[in-house]
Each structure stands twice: as C-alpha cells, then as structure tokens.
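J.: Chains as they are written, first to last, in this note's numbering: chain A, 469 to 683; chain B, 469 to 683.
Beta carbons are placed, not taken as given, at the ideal position from N, Cα and C, and that holds for glycine.
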DNA sequence: GTCTATAACTGGATAGAC
DNA sequence: GTCTATCCAGTTATAGAC
C-alpha cells in the first residue's frame, strides 16, 4: 500500500493562516513570517510546500474556488430542474447567492476568511482580472446564459453591467469592513450575512428587471 | 506681503504619485521610494512634507475627499431645490452618482486614480471603517435623510442595506479592475464610466423601491 | 526646501543539516 | 518533511549638510 504523501496537516495550516491574513491585509500586507507564525510552523515550510509567495497566494485562492464552483453549479442545476429548464430571474440569483450564505453560516472560519479574500481579489486591479477570470468566469457564464433565457430579448451590454453591479454588492458584503455598522449606528452588522443576502436578492432582481427589460 | 509658502509643486507631485500607486497596489504594495521616483523627487521629501507613510496615505485620501463632498452636497441641494424639498429616489441617487462621473469625465488622471484609491479604501477591512466614516458618512447621512423623505415609512434596516449594495456596485465600478472586459469578451469596458453609471442609476433605484417599500 | 548618507530593520528566498 | 542559519536586497525613517 502506498502511503498518502499528499496528507500534510502543516500544509493545510499554512493555507488556513495565509487565507486569514491575505483576506485582511492583501498580498503585500502579509509576510511569509507572519503566516508561518500564525500557522505554528517554520518559515521555510511555506517555501517548501508552495514555492514563491505569489504561488502560495494563488494556491490559497484556488483551494476553495473549485468547491464554491461545484456548490453553485449544483444550485443552478437544481433550480433549472425544478423549473423545467427555465427558472425565473429571482431563482437564478438566489441560486447564485445562497451557496455563499450557507457556507458562511456553517460558522467555519475558513470560509469566512476565504470570502473576505475573494472580495480583496475581485476588487483588486492587480489580481481581479486574471484570477477571477480563470477561477469563476466559466461558472458565471453559465449563470448569465440562464439569465438570458429568463430575460428574453435582453440587451447583452445591460446584462453584463447588471451582473457587475450584483458582483459589486456581493463583494463589498463579503469584505465585511464594518462600515455599515458605523453608518447605521449599530443597527446593521457586516457579520450578519443572513440579512445581507436576504435583501440583496430582491434588490438585484429588481435591478436586473428594470435595466434589462427594454421599455 | 507674505510669500505663499504653502505652494509647493513637489509636494503636490508627491500626492499625485502616491494617489496613483496606492490606488493600484494598496498601502502595503507601495514604497516611499516608488512614490518619490514617480514624482521625480528625492525620497526624503515625502517624509519632510507628510511625516510617516501612514500619514501620507491619509493626506492623499483626504485631499480630494472634501472636494467630492462639496460637489455632491451641491448636487443634493440642487435637486432638493428643484423638487421643492422632496426629490424622488431617482433624483437623489442620480445626484449621488453623477458628480463622480463628471469628475471622471474631465479626463484628469488624478480623479481617476483617486476613485480607484477610494475603491481600495472602501473595500478594505483595515481602512474601510475609520477612514470612510470620518470622510464621507456625514454626507451619506444627508443623502439617507433625503431618501427617507422620498420613501415614507421606509424600514431603516432595509434602507441601510440598500445603500450598502449601491456602495458596493459603485466601489467595484471605481476599482476598474478590467474584469467586465474579460467576462463580456470585449463588449463592455471598465473604463467606460458613462455607461457604467447610466445603468447603475436605474438598477439602484429599482432595488431601493423593491426592498424599501413594504409589501 | 532639498538632498546625501546612513542607521536600523524586515523581507523573501534558499542551502544544507537532520 | 522539517528546521537552522544565513544571504542580501530592499525598507522606513532620520540626522545633518547645503
């Protein structure tokens, strides 16, 4: 029997620590030393397992990207099945957003850190284009195709911009900056993802309908 | 006659360079040396004029914040005047967004860099809460008050979340990451602010109306 | 206001022992 | 796989000359 050499607790601990720190401080605000310290491992180990800092960043980002893609694709297939292949805009957008809430509400800190890192990446001019494109655009295109079906005769440019606005609302939510806590004087909370998504769905649906349905 | 000692071309050049680099790489991704090099000045000069790197960052951010606040406040007062003190949701949101497009469309690179820096700050868990709160929340509260008038009986929590979604859509737009260019296969462009805002206004208006008007 | 020089430190990366 | 030791490039910040 061959030993499972791919199983390395310390390797995962490095990714966990990197995830949390990259989410909070971005690529340049994090040192390999701070990651190693948080992970409780030696500095040289990060280099042994992942090579350059840049590669560690991408490995951290890609680890959960595929899982998220799979869950979201399942959610889309599910609503398509239920609606005999033609779900409404609201069902599509709910399928797009709900997997994130559900993963968030598991309470697993890893996912919460990952989502904040995702917000950093999506909002970054350096990482946003390439990494988001290769990781998520195939899935997003699948969702856009569903939206085109739900919005017959939709103008393609308007559809793209509407997705962009949804992506922005989602991104700022995932960033959990605490600003809404201050602005609302304690009434709302960045950490309250359930409420954030509950209202985000009808907000986005109304936006898509208003902008994409020609007058 | 007293000489105007506050006029210092090199001082402004440092702020211009800092603005551009902070927008692209964030606080930690920029060195004082790279700022000085881009500004064409000596490294020590940044320290002479602004003190610590942290203070330079804040000075860069604050330089245009007051101007933006003033323009936006004028825009709000204008629509309030035109509507005898009770503008519609659409007029309020347009007043909130249009000053940004107009400043952007002047073509002055400084404003474009500043808006990208604003996106970085608003999306950052480190800077987002404090700096956005002190710089912009007074004005935002003024806009929220106008929206409350335009949406009688509005639920406060929903109003706050709707503003948050609008802020997210705006933030990702200002970041100009180029992702929409890739996703839309060249149909849309991050740099096309005019179109971005043209659709953002009805998108947000529809969202506010759907979420904030009780069923 | 501006620049030279440098102090004091931190960073990524790796060679080589175990 | 893991850790020690180290290299050295790059960083902030400042003291002091002009």
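#1: Who are the near neighbours of residue 646 of chain B in its chain, counting only those whose CB is closer than 6 Å to its CB and skipping five residues on each side?
#2: Tell me whether residue 511 of chain A is buried or exposed, calling it buried when 16 or more other Cβ atoms sit within 10 Å of its Cβ.
#3: Could you tell me the alpha carbon to alpha carbon distance between residue 548 of chain A and residue 607 of chain A, rounded to whole angstroms?
#4: What are the uninterrupted segments assigned as beta strand (DSSP E) that are 3 or more residues long and contained completely in the stretch 598 to 681 of chain A, given in chain order?
#5: Can residue 605 of chain A and residue 650 of chain B be called in contact, C-beta distance under 8 Å?
#6: In chain order, what residues of the same chain lie with their CB nearer than 8 Å to the CB of residue 528 of chain A, ignoring the 5 residues before and after it?
#7: So, helix, strand or coil for residue 570 of chain A, using DSSP?
#8: At a CB distance below 7 Å, what residues from the stretch 610 to 636 of chain B approach chain A? Give them in sequence order.
#9: Measuring CB to CB, does residue 536 of chain B end up less than 8 Å from residue 668 of chain B?
#10: List the endpoints of the continuous alpha helix (DSSP H) containing residue 578 of chain B.
#11: What separation, rounded to the nearest whole angstrom, lies between the Cα atoms of residue 682 of chain A and residue 676 of chain A?
#12: By how many angstroms is the C-alpha of residue 569 of chain A removed from the C-alpha of residue 665 of chain A?
#13: In or out: residue 532 of chain B buried (at least 16 other Cβ within 10 Å) or exposed?
#14: Measuring only between beta-carbons, confirm whether residue 591 of chain B sits less than 8 Å from chain A.
#15: So, is the C-beta of residue 670 of chain A closer than 8 Å to a C-beta in chain B?
#16: Along the chain, where does the alpha helix (DSSP H) that runs through residue 478 of chain A open and close?
#17: Excluding five sequence neighbours on each side, which residues of the same chain lie with their C-beta closer than 8 Å to the C-beta of residue 560 of chain A?
#18: Of all the CB atoms in chain A, is at least one closer than 8 Å to the CB of residue 493 of chain B?
#19: Pick out whichever of A/578, A/597, A/589 has its Cα sitting closest to the Cα of residue 525 of chain A.
#20: Look at the alpha carbon of residue 599 of chain B and the alpha carbon of residue 620 of chain A, and state the distance between them as a whole number of angstroms.
#21: Just the C-alpha distance for residue 641 of chain A and residue 591 of chain B, rounded to the nearest angstrom, thanks.
#22: Do you know offhand how far residue 496 of chain B's Cα is from residue 502 of chain B's?
#23: Could you check whether the Cβ of residue 682 of chain A sits closer than 8 Å to any Cβ belonging to chain B?
#24: At what residue ranges does the stretch 518 to 558 of chain B contain a whole run of the alpha helix (DSSP H), taking only runs of 4 or more?
#25: Give me, in chain order, the residues of the same chain whose beta-carbon lies closer than 8 Å to that of residue 506 of chain A; leave out the 5 immediate sequence neighbours on both sides.
#26: Going by DSSP, what residue range makes up the alpha helix (DSSP H) through residue 504 of chain B?
#27: Under a CB-based cut-off of 8 Å, is residue 640 of chain A close to chain B?
#28: Counting only the same chain and skipping the five closest in sequence on each side, list residues whose C-beta sits under 8 Å from that of residue 679 of chain A.
#29: With burial defined as no fewer than 16 other Cβ atoms inside 10 Å of the residue's Cβ, what is the status of residue 602 of chain B: buried or exposed?
#30: Quick one: what's got a C-beta closer than 7 Å to residue 498 of chain A's C-beta in the same chain, skipping five residues either side?
#31: Using a cut-off of 8 Å between C-beta atoms, extract the partners of residue 597 of chain A located in chain B.
#32: For residue 518 of chain A, which residues of its own chain have a beta-carbon under 6 Å away from its beta-carbon, when the five flanking residues on both sides are left out?
#33: Does the beta-carbon distance from residue 500 of chain A to residue 478 of chain A come in below 8 Å?
#34: Show which residues of chain A have a CB atom less than 8 Å away from the CB atom of residue 584 of chain B.
#35: Chain A partners of residue 541 of chain B, CB-CB under 9 Å?
#36: Give me the chain B residues within the contact set of residue 677 of chain A, using Cβ-Cβ distance strictly less than 8 Å, ordered along the chain.
T.: Let me spell this out:
#1: Taking the first residue of the second chain as 1, we reach residue 646 of chain B at position 178. Taken in chain order, the residues that qualify are 658.
#2: Looking up residue 511 of chain A in the first chain gives position 43. Burial call: exposed.
#3: The residue labelled residue 548 of chain A in the question sits at position 80 within the first chain. The residue labelled residue 607 of chain A in the question sits at position 139 within the first chain. Computed Cα separation, rounded: 15 Å.
#4: For the stretch 598 to 681 of chain A, not a single whole beta strand (DSSP E) run of length 3 or above is found.
#5: One-based indexing of the first chain puts residue 605 of chain A at position 137. One-based indexing of the second chain puts residue 650 of chain B at position 182. Yes, the Cβ-Cβ distance between residue 605 of chain A and residue 650 of chain B is below 8 Å.
#6: Here residue 528 of chain A corresponds to residue number 60 of the first chain, with the count starting at 1. If we look at residue 528 of chain A and ignore the five residues flanking it on each side, its Cβ neighbours are 483, 486, 487, 490, 585.
#7: Within the first chain, numbered from 1, the residue matching residue 570 of chain A stands at position 102. DSSP places residue 570 of chain A in the helix class (H, G or I) of the three-state scheme.
#8: For the stretch 610 to 636 of chain B, which is checked against every Cβ of chain A, the residues closer than 7 Å are 624, 625, 626, 628, 629, 630, 632, 633, 635, 636.
#9: Counting from one through the second chain, the residue named residue 536 of chain B turns up at place 68. Counting from one through the second chain, the residue named residue 668 of chain B turns up at place 200. No.
#10: Looking up residue 578 of chain B in the second chain gives position 110. Unbroken alpha helix (DSSP H) run through residue 578 of chain B: 577 to 590.
#11: Indexing the first chain from 1 puts residue 682 of chain A at position 214. Indexing the first chain from 1 puts residue 676 of chain A at position 208. Rounded to the nearest angstrom, the two C-alpha atoms are 11 Å apart.
#12: For this step, residue 665 of chain A is matched to residue 197 along the first chain. For this step, residue 569 of chain A is matched to residue 101 along the first chain. Going from the Cα of residue 665 of chain A to the Cα of residue 569 of chain A covers about 7 Å.
#13: Position 64 of the second chain, counted from the first residue, corresponds to residue 532 of chain B. Buried, by the Cβ-count rule.
#14: In the second chain, the residue the question calls residue 591 of chain B occupies position 123. For residue 591 of chain B, the answer is yes, since a Cβ of chain A falls inside 8 Å of its Cβ.
#15: Stepping through the first chain from its first residue, residue 670 of chain A is reached at position 202. The beta-carbon of residue 670 of chain A is placed less than 8 Å from the nearest beta-carbon of chain B.
#16: By one-based count along the first chain, residue 478 of chain A stands at place 10. Start and end: 477 to 493.
#17: Along the first chain, one-based indexing puts residue 560 of chain A at 92. Within the same chain, Cβ atoms closer than 8 Å to the Cβ of residue 560 of chain A are found at 544, 547, 611, 614, 615, 618, the five residues on either side in sequence being excluded.
#18: Numbered from its first residue, the second chain carries residue 493 of chain B at position 25. Proximity of residue 493 of chain B to chain A, defined by a Cβ-Cβ separation below 8 Å, is satisfied.
#19: In the first chain, residue 525 of chain A corresponds to position 57, counting from 1. Comparing Cα-Cα distances from residue 525 of chain A to each of A/578, A/597, A/589, the minimum goes to A/589.
#20: Position 131 of the second chain, counting from 1, holds the residue named residue 599 of chain B. Position 152 of the first chain, counting from 1, holds the residue named residue 620 of chain A. Straight through space, the alpha carbons of residue 620 of chain A and residue 599 of chain B are spaced by roughly 44 Å.
#21: In the first chain, residue 641 of chain A corresponds to position 173, counting from 1. In the second chain, residue 591 of chain B corresponds to position 123, counting from 1. Between residue 641 of chain A and residue 591 of chain B, the C-alpha separation is close to 9 Å.
#22: Looking up residue 496 of chain B in the second chain gives position 28. Looking up residue 502 of chain B in the second chain gives position 34. C-alpha separation (whole angstroms): 12 Å.
#23: Locating residue 682 of chain A in the first chain gives position 214, counting from the first residue. Cβ-Cβ to chain B under 8 Å: no for residue 682 of chain A.
#24: The DSSP assignment places 521 to 550 as complete runs of the alpha helix (DSSP H) inside the stretch 518 to 558 of chain B, in order along the chain (cut-off: 4 residues).
#25: By 1-based counting over the first chain, the position of residue 506 of chain A is 38. Closer than 8 Å at Cβ, skipping near neighbours: 485, 488, 489.
#26: By 1-based counting over the second chain, the position of residue 504 of chain B is 36. Residue 504 of chain B -> alpha helix (DSSP H) spans 500 to 507.
#27: Numbered from its first residue, the first chain carries residue 640 of chain A at position 172. It does: the Cβ of residue 640 of chain A has a partner Cβ on chain B nearer than 8 Å.
#28: Within the first chain, the letter at position 211 stands for residue 679 of chain A. Here the set comprises 626, 629, 630.
#29: For the purposes of this step, residue 602 of chain B is taken as the residue at position 134 of the second chain. Counting Cβ neighbours within 10 Å, residue 602 of chain B comes out exposed, since fewer than 16 surround it.
#30: Here residue 498 of chain A refers to the residue found at position 30 when the first chain is read from its first residue. 489, 490.
#31: Your numbering for residue 597 of chain A matches position 129 in the first chain. By Cβ distance, chain B contributes 645, 646, 647, 649, 650.
#32: Within the first chain, the letter at position 50 stands for residue 518 of chain A. Excluding positions up to five away in sequence, the list reads 524, 527.
#33: Your numbering for residue 500 of chain A matches position 32 in the first chain. Your numbering for residue 478 of chain A matches position 10 in the first chain. Contact flag unset, no.
#34: Within the second chain, residue 584 of chain B is the residue found at index 116, counting from 1. Under the 8 Å cutoff, chain A gives 593.
#35: Residue 541 of chain B sits at position 73 when you count from the first residue of the second chain. In chain order: nothing, as chain A lies at least about 17 Å away.
#36: The residue you call residue 677 of chain A lines up with position 209 of the first chain. Result: 674.
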